[in-house]
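> Shown below is the structure under consideration.
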Amino acid sequence: MEELSADEIRRRRLARLAGGQTSQPTTPLTSPQRENPPGPPIAASAPGPSQSLGLNVHNMTPATSPIGASGVAHRSQSSEGVSSLSSSPSNSLETQSQSLSRSQSMDIDGVSCEKSMSQVDVDSGIENMEVDENDRREKRSLSDKEPSSGSEVSEEQALQLVCKIFRVSWKDRDRDVIFLSSLSAQFKQNPKEVFSDFKDLIGQILMEVLMMSTQTRDENPFASLTATSQPIAATARSPDRNLMLTTGSNPGTSPMFCNLGSFGASSLSSLGASGGASTWDSYSDHFTIETCKETDMLNYLIECFDRVGIEEKKAPKMCSQPAVSQLLSNIRSQCISHTALVLQGSLTQPRSLQQPSFLVPYMLCRNLPYGFIQELVRTTHQDEEVFKQIFIPILQGLALAAKECSLDSDYFKYPLMVASLPLWLPKSLSPGSGRELQRLSYLGAFFSFSVFAEDDAKVVEKYFSGPAITLENTRVVSQSLQHYLELGRQELFKILHSILLNGETREAALSYMAAVVNANMKKAQMQTDDRLVSTDGFMLNFLWVLQQLSTKIKLETVDPTYIFHPRCRITLPNDETRVNATMEDVNDWLAELYGDQPPFSEPKFPTECFFLTLHAHHLSILPSCRRYIRRLRAIRELNRTVEDLKNNESQWKDSPLATRHREMLKRCKTQLKKLVRCKACADAGLLDESFLRRCLNFYGLLIQLLLRLLDPAYPDVTLPLNSDVPKVFAALPEFYVEDVAEFLFFIVQYSPQVLYEPCTQDIVMFLVVMLCNQNYIRNPYLVAKLVEVMFMTNPAVQPRTQKFFEMIENHPLSTKLLVPSLMKFYTDVEHTGATSEFYDKFTIRYHISTIFKSLWQNIAHHGTFMEEFNSGKQFVRYINMLINDTTFLLDESLESLKRIHEVQEEMKNKEQWDQLPRDQQQARQSQLAQDERVSRSYLALATETVDMFHILTKQVQKPFLRPELGPRLAAMLNFNLQQLCGPKCRDLKVENPEKYGFEPKKLLDQLTDIYLQLDCARFAKAIADDQRSYSKELFEEVISKMRKAGIKSTIAIEKFKLLAEKVEEIVAKNARAEIDYSDAPDEFRDPLMDTLMTDPVRLPSGTIMDRSIILRHLLNSPTDPFNRQTLTESMLEPVPELKEQIHAWMREKQNSDH
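Counting from 1, one number per residue, gives the positions in the sequence shown under UniProt numbering.
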């Protein structure tokens, strides 16, 4: 017999199912045939299509086994199986877990990848029902199937479960079931060829039921169903699942809609009967379900899908068995597949894409079972045409429904009911409350999209996995990703903004916003466990939305004391550092503030939103910036390691460690490649100019608030500020100021073009005010950060911020107070209280020196500099610190260069180097690397201090010649001349000196310039008095080297030669007039230095010291050297009687010697 075409086979099947009524045309199907009926793919462990489920069917006949749903409870032979279905309750989490497990298996099964699940058509479940003998596949009756040993569920029980879920029977007619006459006739005619497996049977049941609905005009097959047997109301999910139905023009044709006792209406509406509110009844009236054949079929399919979940809850143990689980999965899958056919109009008449979907009212009334829409998407998404046919009408219907919402009613509010869900703000269950909130809260998934590699590795693989990442393609990809982020964040803003606009849900929204902030407090820590907090992508999305909410906030409406409000939503840690107060100070102030009549009014939304946004910046953008900087540092270190390994390959390629080094090189390259890709992702997520501008503008708003606290006359601020720090400002968290500095530091380095916004003027004013009123900030390192911001904007450091730096140096408030304030801070950082203060001060002073060099070039600051140079005490302390730093830094850097020279010389001698033990070689190389780092760092700092000396001594000389400074300065200069030109100067010769920033010619030129600029009799005497480093031969060698290297002009060399001759004369004179004062009485000796006093003074403690020695000490530390009490020069009391006695003794000593 000639093989039939696919369309002819379909036509004959439908004709057979219709009971011979072939005169009615059948709608052509939209999808190609599939060999297997639609449904989830079968896992490897599940029975195949041709296998029995392994259920025991002894003593069962086709005539007696299928029973109606109404008869389940009355058959003794099946009571055991039925009781097992309802023997144990199941919680929702277990059911959801099973459902998710099924979904995952659908996603990963190999078969489903090859055969599109979207190819749904009316073959679903009935392809085994061939009408031609040549095409018919072998089918067996139930009695022919083999039993499975060890199975706990018989096939009879499985059939009962199928009949119960679909409420069908092919044996008896009953008011609570649908009688399947076609299937019944097949059993009577040829029971062995009824179905091949349960998927086949399910497909036949569904198709016959649906075809009965489409072909019956005078009688509705669902009319016999009532809600009395196993009512779905028992599993109602929410009180709002009501459907108020619109009666059609011919009510008689759809009894399920016009009779409240019928199956569809009663059972669906009963879902909301147990607790339905009148509000939702009125809402459901607005969105009605059309009375037609399609809705009859959808009601039935939705009910069947829902009953699968009910059975899983009632009998979780039984339903977890593979055979039963597969059966229920097949039922779900075929319900979805047939729903797709109904929505396409395959069983009735095709639907236009412009017509709203029949499914829309169910969605609006939230009347769909859990997972229904997700399964529909999963089943149809692989076929683009089918997917469009189903979901375009859904979207059209939702759009039409949205258009009907108006402010004349409150329908528009009900989508906001999401804020009342239990998962809107779940309770914390572990220390990782931040990550929990992201993973479990309803909005968490919406806020979680991210471009950061650590958040979503798929972004790296898709956009940055090419063989080479060029700057241009990275820029293009970053712009695209930033555009996508912007679109997504705009939608998030609309969601949260809509919830906030509604008075009933505003509190829930604010609680959620506060919970995100409070749950992620640990993100502000320098070291935190990322598993306990939300991801950077989540927090940046959250921040973007809050920024949009804060855009229109007027500062006048923000209460600056909100953070101290009893009803403040933000929880600050008890140990949070304050700007200028201890916790004891804060508690005392708050106790005074609260008093009998608390001054606080109810917090308003602008205030709460502003502070939530402020803290969101602290927990999102700044941790992300720090992570970005750490990644760049890691990339630099890896690059350096790779370069070192490559450059030294000749030394290790033949050594026993060659394999280890090659493996290390390979590992470093792999890690470097990974980090570069991660950086590319971070560039897209963090270096978004529009986003950074929003952050900068918000910080500008914060600065305005702080300036109002500092001076209520803002913007007309006058300096200096009041000596009493406002308590509100003093009690604020320190990071309110620190975050501004850190953010400015970041954008100056990585996105300086962002800096020029209208808020920049306020930022400049804030920097100047804080630097000129350092007493307002308790932590010196916070002041140092503000100094570093100014340093980073210096054109010498970052040319692209020249305009910003000019705004600072030309600001009216800076011209009088900035220089003396920075000079004071230069000396104050000598003692910060930190364990690392000794090393920290060098970096801070380097920043200040660089700023001074730029300010000196500005004519507006010249007058201030000169006033400070001539005023005395503050400048003298500054010079003393310069001498101290130059002495230490030059000494350390030159010593490190000597050690570098030593190792390099050893390594040049190949034979000698190879004789050293391997561990000794590694130790020497490690020391070399450390010395190279030290020399680079210290030489950079030393060069800056020498530059400053060179500039200052050119402008002013008198302060450098003071008794407490002149001798020390001369000794420092002599010592460094000896290092550069003395007998051991060859030890400073290293390979590639520019690598370390070592410029001996320039250094010698500057040092000799300082000699010439201070040239006078007093300074010459100070040079001559230095018996440690000065020698006539040293100065002669200096002159020789300057001539030989052409370091100075002939005139300058001659001037230096004259100075040397002058010094040598003083040395000779001193030698002739040398008097031995070593036998001076103890009361004439200084107790600290054990030298003869010439100008004794009494300290408050009663101790008598020489004035020059105690003044030198006070330049370093303003304390009494014997009891550490505060001491100033004004507290020193002259002792004229003792002074006269000393001088008399000295004259007597001189006369006796002559």
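Just so you know, even glycine gets a beta-carbon here, dropped at the ideal spot from N, CA and C. Nothing here was measured: the structure is a model prediction, and the numbers come from that model.
With DSSP collapsed to three states, give me the class of residue 202.
The answer is helix: DSSP assigns residue 202 an H, G or I state.
> If you count every other CB in all the chains shown that lies within 10 Å of the CB of residue 640, and 16 or more means buried, which is it?
Residue 640 should be labelled exposed.
> Residue range of the beta strand (DSSP E) that residue 1089 falls in?
Residue 1089 -> no beta strand (DSSP E), and no H or E assigned at all.
> By how many angstroms is the C-alpha of residue 577 removed from the C-alpha of residue 897?
Computed Cα separation, rounded: 42 Å.
> So the beta strand (DSSP E) residue 316 belongs to, where does it begin and stop?
Element bounds for residue 316: not the beta strand (DSSP E) but the alpha helix (DSSP H), 316–319.
> List the whole-angstrom C-beta distance separating residue 991 from residue 930, where the pair is believed to meet the contact cut-off of C-beta under 8 Å.
With 8 Å as the limit, residue 991 and residue 930 do not qualify as a contact, their Cβ atoms being about 17 Å apart.
> Residue range of the alpha helix (DSSP H) that residue 539 falls in?
Residue 539 -> alpha helix (DSSP H) spans 536–550.
> Taking contact to mean 3 or more Cβ pairs, one atom from each stretch, closer than 8 Å, check whether the stretch 952–962 and the stretch 859–875 are in contact.
The stretch 952–962, when compared against the stretch 859–875, does touch it at the 8 Å Cβ threshold.
> Any heavy atom of the ligand ADP inside 7 Å of the beta-carbon of residue 322?
Of ligands this structure carries none, so the ligand ADP is not represented either.
> Can you look up residue 1106 in the DSSP assignment and give me helix, strand or coil?
Looking at residue 1106 - three-state DSSP - the assignment turns out to be strand.
> Quick check on residue 470: does DSSP put it in helix, strand or coil?
Of the three classes helix, strand and coil, the one that applies to residue 470 here is coil, per DSSP.
> Got a sec, what are the start and stop residues for the alpha helix (DSSP H) residue 361 sits in?
Counting along the chain, the alpha helix (DSSP H) containing residue 361 begins and ends at 360–364.
> Against chain C, with Cβ distances strictly below 8 Å, would residue 309 count as a contact?
The structure shown contains no chain C; it holds only a single protein chain.
> Skipping 5 residues on each side, what residues in its chain have a beta carbon closer than 7 Å to that of residue 435?
The residues are 531, 532, 533 and 534.
> From the DSSP output, in three-state form, read off residue 967 for me.
Correct three-state label for residue 967: helix.
> DSSP state of residue 178, grouped into three classes?
Residue 178 falls in the strand class under three-state DSSP.
> My guess is that residue 687 and residue 614 are in contact by the Cβ rule of under 8 Å, so how many angstroms apart are they, rounded?
Their Cβ separation, rounded to whole angstroms, is 22 Å, which puts residue 687 and residue 614 out of contact at 8 Å.
> Skipping 5 residues on each side, what residues in its chain have a beta carbon closer than 6 Å to that of residue 668?
Excluding positions up to five away in sequence, the list reads 638, 641 and 642.
> What separation, rounded to the nearest whole angstrom, lies between the Cα atoms of residue 241 and residue 307?
Residue confidence for residue 241 is low, a pLDDT of 34 falling below 50, so the modelled location carries little weight and cannot support an answer.
> Exposed or buried, what is residue 501 when buried is set at 16 or more other beta-carbons lying within 10 Å of its beta-carbon?
Label assigned to residue 501: exposed.
> Is residue 492 near residue 418, with beta carbons less than 8 Å apart?
Contact: no.
> Between residue 973 and the rest of its own chain, which residues show a CB-CB distance below 7 Å, the 5 nearest in sequence each way excluded?
Contacts found: 1007, 1010 and 1011.
> Going by the CB atoms, is the gap between residue 782 and residue 809 shorter than 8 Å?
No, Cβ-Cβ distance for residue 809 and residue 782 is not below 8 Å.
> How should residue 976 be labelled, buried or exposed, when 16 other C-beta atoms within 10 angstroms of its C-beta is the threshold for buried?
The residue is buried, with at least 16 neighbouring Cβ atoms inside 10 Å.
> Could you check whether residue 1138 and residue 1099 sit closer than 8 Å to each other, using their CB atoms as the reference points?
No, the pair does not count as a contact, with Cβ atoms beyond the cut-off.
> What would DSSP say about residue 886, mapped onto helix, strand or coil?
Residue 886 falls in the helix class under three-state DSSP.
> If you drop the 5 nearest sequence neighbours on each side, which residues of the same chain put their C-beta closer than 6 Å to that of residue 1147?
Contacts found: none.
> Could you name the residues that DSSP lists as bridge partners for residue 168?
Partner(s): 178.
> In terms of DSSP beta bridges, what is residue 1098 paired with?
Paired residues: 1104 and 1133.
> Between which two residues does the alpha helix (DSSP H) carrying residue 1011 extend?
Run containing residue 1011: 1000–1013, per the alpha helix (DSSP H) assignment.
> Quick check on residue 1136: buried or exposed, where buried means 16 or more other Cβ atoms within 10 Å of its Cβ?
Classification for residue 1136: exposed.
> Rounded to whole angstroms, what's the CA-CA distance from residue 865 to residue 793? Just pull it up for me.
Residue 865 and residue 793: Cα-Cα distance of roughly 21 Å.
> Just to check my reading of the structure: residue 734 and residue 846 have Cβ atoms closer than 8 Å, yes? What is that Cβ distance to the nearest angstrom?
24 Å between Cβ atoms; not a contact.
> Between the beta-carbon of residue 743 and the beta-carbon of residue 699, is there less than 8 Å?
Yes, the pair counts as a contact, with Cβ atoms nearer than the cut-off.
> Taking 6 Å as the limit between beta carbons, can you name the residues of its chain near residue 880, skipping five residues before and five after?
Closer than 6 Å at the Cβ level, and outside the excluded window around residue 880, lie 1115.
> For residue 481, collect the residues of the same chain with a Cβ closer than 6 Å to its Cβ; drop the 5 residues on either side in sequence, then sort them by chain order.
Closer than 6 Å at the Cβ level, and outside the excluded window around residue 481, lie 451 and 684.
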